[in-house]
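For my numbering, add 16 to where a residue sits in the sequence shown, where the first one is 1.
For every residue, glycine included, the Cβ atom is placed at its ideal position computed from N, Cα and C.
Since the model is a prediction, treat every value here as computed from it, not as a measurement.
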Amino acid sequence: MVVPVKSVGMAHPTTESNQKKVAAALTAAGIVDDLGQETPDFTTNSQVVMDRRYLSKDREGQVLEGPEGMFRRVAQNLSQADLNYGATEEQRQATEV
17 MVVPVKSVGM AHPTTESNQK KVAAALTAAG IVDDLGQETP DFTTNSQVVM
67 DRRYLSKDRE GQVLEGPEGM FRRVAQNLSQ ADLNYGATEE QRQATEV
């Protein structure tokens with residue numbers, strides 16, 4: 017189930033409990049994520065595409081993260097490739113930021 021976005025200027029429609037679950041999971045995974053940061057305004061179409069295709073969802077299809085979480089998750093996963101090419105953990109973390 018996709019949560020509809022009501023307008024471009026509004027915050028992403030995730031609940032506080034879902035944000036806490038995501039924050040706990042990201043912390044447990046070693047990913048630092050500040051869910052309170054402001055995000056850029058996205059067009060309605062881009063928000064719908066993110067909701068449907070890219071944002072993490074639970075088993076019922078509820079969106080569990082906002083755009084910041086998605087960007088952090090992608091950056092963390094992309095930076096993991098550096099370790100395959102001889103980078104140290106410190107270099108990987110610098111790439112992630």
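The continuous alpha helix (DSSP H) containing Ala110 extends over residues 105 to 112.
Under DSSP, Lys73 shares a beta bridge with Val79.
Taking every protein chain shown into account, the CB of Asp74 has fewer than 16 other CB atoms within 10 angstroms, so this residue is exposed. Taking every protein chain shown into account, the CB of Glu106 has fewer than 16 other CB atoms within 10 angstroms, so this residue is exposed. Classified as exposed, Arg68 has fewer than 16 neighbouring CB atoms from the shown chains inside 10 Å of its CB. Of the candidates Gln109, Val65, Ala39, Gln109 places its Cα closest to the Cα of Ala97. A Cβ-Cβ contact shorter than 8 Å links Glu81 with Ser72. For Thr59, no alpha helix (DSSP H) run applies, since DSSP gives it neither H nor E. By the 16-neighbour rule on beta-carbons within 10 angstroms, Val79 is buried.
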